[in-house]
């Protein structure tokens, strides 16, 4: 109902209703000291509430899909959120200021947990992996920064400590500008003056000048290559190699690789839009530019579009367009024989089909969902519904019993129990009104 509620214990007396979310509230977690409650919602946000008043503290915005889970660090200084947008995020407490976005999962991130000392965050995902992330405390960050502080103070650091500007930095700035314009000998001379003035600088003047000059050429070449100006890029890369002997790469190959990025990205974009012929043409162009690429253009386009078809099929099923939904799934499998349609995606067909009176039509997809994840109570619930409306009462009873045993969901568990009781009495709990209600 878009709210969270606070209740006094052990009496169960209501204390406060926390309003503000715009969609389902799916999770809540208390801070270690009990002073803050975090809620996670399908409105793509998490919220922080002061306890025991229930006064709103902050709304944590940044996720692009539902926030599934929230977890406090052991010291209560950080909140981690897990989301369907394939990321987890870290937030400073109590301000709610964003600290970091943890990217790497390829599907919904549905859980996050800190290690007892707060130094590691574990995330669990629908992509069948868990990931570990280091979380630095303030003290560890200070220790790391201490190691990185240069022996020679920067101009900004000198300003902070009310020190006059060191002449050495003026020579370094001048040397860098000279190196960028290709005046390497003059740059080396300025770097040498800086070192003589401030022996704390630990660099080789020649290598530093060459490195800056070569980097400038590299950056210019990279920009030219991305624009498709390969010959001009090769000239810049060749000059970079001549300037800095520490560089090792083949100019033409590197230029081709960079030039191929644009048609590759365009091809992926077109493929996901279903424009397969245009995507194939872009992939062919990329292959012509980069000899290290190895894939079949048409196959690549189809493999990129196949998951999109399945996603579209899920939406079609939710809207009752089952023939087209099923056609999408089958077409996706034809396009990519290696495509793995998840149990959740098969279950989407099963559940929606049963609600729209197509249970017999989608029964095989119910079976596929259960076969892929036989211990999932949600998928057994969907198959139980399909079995009930197609007359397999005993099978439906078995599925609902299993779903109830596996469920910790306060929304579904009483519904499942009610359906199970009715089925055991020989009644049909799935009236037209009930099915319509489940569609909402």
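Residue numbers (the working numbering): 1480 to 1919. Cβ coordinates follow ideal geometry from the N, Cα and C atoms, glycine included.
Distance from the CA atom of residue 1761 to the CA atom of residue 1742, rounded to whole angstroms, is 5 Å.
Our two residues, residue 1501 and residue 1779, have alpha carbons roughly 40 Å apart in a direct line. With respect to the C-alpha of residue 1615, the residue from 1633, 1578, 1635 having the closest C-alpha is 1578. In the structure shown, the three-state DSSP call for residue 1546 is strand. Here the region 1793-1811 does not lie against the region 1761-1771, with fewer than 3 beta-carbon pairs under 8 Å apart. Rounded to whole angstroms, the separation of the alpha carbons of residue 1645 and residue 1677 is 9 Å.
Between residue 1736 and residue 1769, the beta carbon gap of about 5 Å places them in contact (Cβ cut-off 8 Å). Sorting 1587, 1563, 1591, 1537 by C-alpha distance to the C-alpha of residue 1571 places 1537 at the top.
Shown here, residue 1589 sits in a strand according to DSSP, grouped into three states. When DSSP states are grouped into helix, strand and coil, residue 1496 belongs to the strand group. The straight-line gap separating the alpha-carbon atoms of residue 1635 and residue 1647 is approximately 14 Å. Rounded to whole angstroms, the gap between the alpha carbons of residue 1725 and residue 1719 is 10 Å. With a beta-carbon spacing of about 6 Å, residue 1867 and residue 1909 fall inside the 8 Å limit used to define contacts.
Each of 1699, 1917, 1633 was checked against the Cα of residue 1661, and the nearest Cα belongs to 1699. Within the region 1657-1739, the alpha helix (DSSP H) runs of at least 4 residues that lie entirely inside it are, in chain order, 1663-1676, 1684-1705, 1709-1722.
With a threshold of 16 other beta carbon atoms within 10 Å, residue 1564 meets it and is buried. If you draw a 10 Å sphere on the C-beta of residue 1727, you find fewer than 16 other C-beta atoms in it, and that means exposed. The DSSP-derived three-state label of residue 1919 is coil. Residues of the same chain with a CB within less than 6 Å of the CB of residue 1787, apart from the 5 flanking positions on each side, are 1751 in chain order.
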